[in-house]
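>
Numbering (this note's numbering), first residue to last: 286 to 704.
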């Protein structure tokens with residue numbers, strides 16, 4: 286197959302949409318590589334061949350992830366629902382309510398959906414099955430290793446390890462049909478609700494953290510010793526990502542982000558955020574002090590609904606940004622280009638956010654987590670994200686890939702002799 290044909294295929298399917306990928310099954314009627322014609326093996330996709338929607342979505346969602354993660358570093362005050370500090374100032378209370386309604390348990394499912402979409406799209410290319418499976422399995426294992434390093438050294442609330450595990454899990458689901466994927470995604474919401482109720486259903490008003498204790502420990506050695514346990518526990522707080530990833534695989538098999546008919550995307554873009562707001566607003570009002578809930582069963586129910594509806598919100602956010610990307614097309618201004626550059630280097634940008642937060646917020650560094658309120662912390666998070674977006678755009682202009690992406694590619698494709 287000539288280079289022009291390969292480039293055409295890549296442009297149609299786009300890049301890996303998440304941090305890692307793994308093969309979905311061959312669909313019925315798919316044509317295998319013809320005899321005497323070499324298959325197109327799995328390999329990195331060039332920048333000019335990338336779809337805008339996944340990169341733009343990741344660039345925007347890194348802002349929400351920055352806001353969500355930075356709030357976990359606050360300490361020295363009583364904790365309320367979902368371990369958000371109890372605030373008294375009006376601005377801090379409003380920011381807490383907005384964050385829990387629109388961001389908390391919504392951003393990561395959106396990333397997981399893109400991750401699953403990318404796995405399906407990557408495997409849609411013509412490929413050598415044995416080599417392709419090995420490459421994607423190796424990529425998932427290295428992503429798990431990246432997550433372990435990130436979680437043990439910087440931020441135990443790491444999501445990379447979970448994505449690595451999801452990649453390995455999806456390898457076991459390569460021959461599952463679309464309807465079964467959706468059925469499994471829906472069924473998994475039951476344990477998601479139960480686990481979320483148990484994990485986040487602890488009493489409010491206490492100064493003791495229920496998880497991620499290392500972020501409030503003044504001794505760095507003690508914090509380092511706590512992180513392995515915290516990192517292993519973190520996936521239990523992100524169980525909704527499994528459902529989102531399964532739906533993403535289903536959508537990727539149908540190339541929903543690039544299909545001419547956008548009916549499904551429009552419905553998801555409207556229904557998803559509405560469901561997320563309906564399920565997140567009660568928790569947001571509790572965090573803001575506008576509503577008081579003392580019954581433990583009620584707190585558990587609120588948390589269960591909050592997380593389950595967050596999955597719908599994540600899917601809706603992805604659909605909304607995909608529609609925006611369609612409308613933009615090739616008319617990309619400087620802001621869209623910069624956000625896309627950040628999305629293309631999302632792994633490096635995600636890790637850099639943790640470096641900044643660890644340098645400023647914990648008690649064993651600058652200790653700002655004890656002094657800043659929710660509003661100031663959210664502002665710090667958004668400023669950090671904006672600075673990283675500018676850095677990513679400068680890297681794009683210089684023709685430089687993200688360092689973490691470069692390392693992951695080299696490790697993944699080393700046996701193919703490709704960087």
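C-beta atoms are modelled at their ideal positions from N, C-alpha and C, and glycine is treated no differently. Values in this document were obtained by computation on a predicted structure and should not be read as measured data.
In its own chain, which residues sit with a C-beta less than 7 Å from the C-beta of residue 613, not counting the 5 before and 5 after it?
Along the chain shown, read from residue 1 onward, the residue named residue 613 stands at position 328. Excluding sequence neighbours, residue 613 sits near 337, 621.
> What's the gap between the Cα of residue 643 and the Cα of residue 690?
The residue labelled residue 643 in the question sits at position 358 within the chain shown. The residue labelled residue 690 in the question sits at position 405 within the chain shown. Rounded to the nearest angstrom, the two C-alpha atoms are 22 Å apart.
> Taking residue 564 and residue 534 to be in contact with their CB atoms under 8 Å, please state how far apart those CB atoms are, rounded to whole angstroms.
Counted from its first residue, the chain shown places residue 564 at position 279. Counted from its first residue, the chain shown places residue 534 at position 249. Not a contact, Cβ separation roughly 24 Å.
> Per DSSP, residue 364 forms a beta bridge with which residues?
If you number the chain shown from 1, residue 364 lands on position 79. Answer is 370, 491.
> Just to confirm my understanding: we take residue 515, look at its own chain, exclude 5 residues before and 5 after, and list those with CB closer than 8 Å. What are they?
Sequence index remark: in the chain shown, residue 515 carries index 230 (1-based). Excluding residues within five positions, the ones whose Cβ falls inside 8 Å are 436, 441, 442, 496, 497, 498, 499.
> Between which two residues does the alpha helix (DSSP H) carrying residue 612 extend?
One-based indexing of the chain shown puts residue 612 at position 327. 581-613 is the span of the alpha helix (DSSP H), which, as asked, contains residue 612.
> In or out: residue 346 buried (at least 16 other Cβ within 10 Å) or exposed?
Taking the chain shown and counting its residues from 1, the one referred to as residue 346 is at position 61. Per the 10 Å Cβ criterion, buried.
> Excluding the five sequence neighbours on either side, which residues of its own chain have a C-beta within less than 6 Å of the C-beta of residue 471, listed in chain order?
By one-based count along the chain shown, residue 471 stands at place 186. No residues qualify anywhere along the chain.
> Of the residues 404, 375, 561, 578, which one's Cα is nearest the Cα of residue 538?
The residue you call residue 538 lines up with position 253 of the chain shown. Out of 404, 375, 561, 578, 404 has the C-alpha closest to the C-alpha of residue 538.
> Check residue 707 in the structure and name its three-state DSSP category.
Missing from the structure shown is residue 707; the chain here goes from 286 to 704 and no further.
> Tell me which residue opens and which closes the alpha helix (DSSP H) that residue 641 is part of.
Translated into the one-based positions of the chain shown, residue 641 becomes position 356. Segment 631-645, the alpha helix (DSSP H) holding residue 641.
> Give every residue of the same chain whose Cβ lies closer than 8 Å to the Cβ of residue 521, excluding the five residues on either side of it in the sequence, and list them in chain order.
By 1-based counting over the chain shown, the position of residue 521 is 236. So the list reads 480, 484, once near-sequence residues are dropped.
> Compute the distance between the beta-carbons of residue 429 and residue 399, then report whether it is under 9 Å.
What you label residue 429 is simply residue 144 of the chain shown in a count that begins at 1. What you label residue 399 is simply residue 114 of the chain shown in a count that begins at 1. In this structure, residue 399 does not lie closer than 9 Å to residue 429 by Cβ.
> Select from 656, 660, 673, 641 the residue whose C-alpha is nearest the C-alpha of residue 361.
The count along the chain shown starts at 1 and reaches residue 361 at position 76. For the residues 656, 660, 673, 641, the minimum Cα distance to residue 361 belongs to 656.
> Locate the alpha helix (DSSP H) running through residue 441, then write down its first and last residues.
Translated into positions along the chain shown, residue 441 becomes position 156. Segment: none, residue 441 is in no alpha helix (DSSP H) and carries neither H nor E.
> Rounded C-beta distance between residue 536 and residue 402? I'm assuming under 8 Å.
Reading the chain shown from its first residue, position 251 is the one you call residue 536. Reading the chain shown from its first residue, position 117 is the one you call residue 402. Yes, they are in contact, since the Cβ atoms of residue 536 and residue 402 sit about 5 Å apart, within 8 Å.
> On the criterion of 16 or more Cβ atoms from any shown chain inside 10 Å, does residue 616 qualify as buried, or is it exposed?
Numbered from its first residue, the chain shown carries residue 616 at position 331. Under this definition residue 616 is an exposed residue.
> From what residue to what residue does the alpha helix (DSSP H) around residue 557 run?
Your numbering for residue 557 matches position 272 in the chain shown. Run containing residue 557: 548-572, per the alpha helix (DSSP H) assignment.
> Using three-state DSSP, classify residue 377 as helix, strand or coil.
The count along the chain shown starts at 1 and reaches residue 377 at position 92. Correct three-state label for residue 377: helix.
> Would you call the segment 521-532 in contact with the segment 444-463, where contact means no fewer than 3 C-beta pairs closer than 8 Å?
Touching, yes, given that three or more Cβ pairs across the two stretches are closer than 8 Å.
> Here's the rule: buried if 16 or more other CB atoms are within 10 angstroms of the residue's CB, otherwise exposed. What is residue 685?
The residue labelled residue 685 in the question sits at position 400 within the chain shown. The residue in question, residue 685, is exposed, as its Cβ has fewer than 16 Cβ neighbours within 10 Å.
> Taking the alpha carbon of residue 569 as the point to measure from, which residue in 377, 353, 381, 518 has its own alpha carbon closest?
For the purposes of this step, residue 569 is taken as residue 284 along the chain shown, with counting starting at 1. Of the candidates 377, 353, 381, 518, the one whose C-alpha sits nearest the C-alpha of residue 569 is 381.
> Measuring straight from C-alpha to C-alpha, what distance separates residue 439 and residue 373?
As a position in the chain shown, residue 439 is number 154, starting the count at 1. As a position in the chain shown, residue 373 is number 88, starting the count at 1. Going from the Cα of residue 439 to the Cα of residue 373 covers about 30 Å.
> Tell me whether residue 368 is buried or exposed, calling it buried when 16 or more other Cβ atoms sit within 10 Å of its Cβ.
For the purposes of this step, residue 368 is taken as residue 83 along the chain shown, with counting starting at 1. With 16 or more other Cβ atoms within 10 Å, it is buried.
> With a threshold of 8 Å, are at least 3 pairs of Cβ atoms found where one atom belongs to the segment 595-608 and the other to the segment 540-556?
As far as the Cβ criterion goes, the segment 595-608 touches the segment 540-556, which means the pair count is three or higher.
> If you run the structure through DSSP and keep just helix, strand and coil, what is residue 269?
Absent from the model: residue 269. The displayed extent of the chain is 286 to 704, so no value can be given.
> Closest by CA to residue 692, which one among 630, 648, 466?
Your numbering for residue 692 matches position 407 in the chain shown. For residue 692, the nearest C-alpha among the options comes from 630.
> Taking C-beta to C-beta, are residue 478 and residue 592 nearer than 9 Å?
If you number the chain shown from 1, residue 478 lands on position 193. If you number the chain shown from 1, residue 592 lands on position 307. In this structure, residue 592 lies closer than 9 Å to residue 478 by Cβ.
> Between the alpha carbons of residue 386 and residue 494, how many angstroms are there, rounded?
As a working mapping, residue 386 is identified with position 101 in the chain shown. As a working mapping, residue 494 is identified with position 209 in the chain shown. Their Cα atoms are separated by approximately 22 Å.
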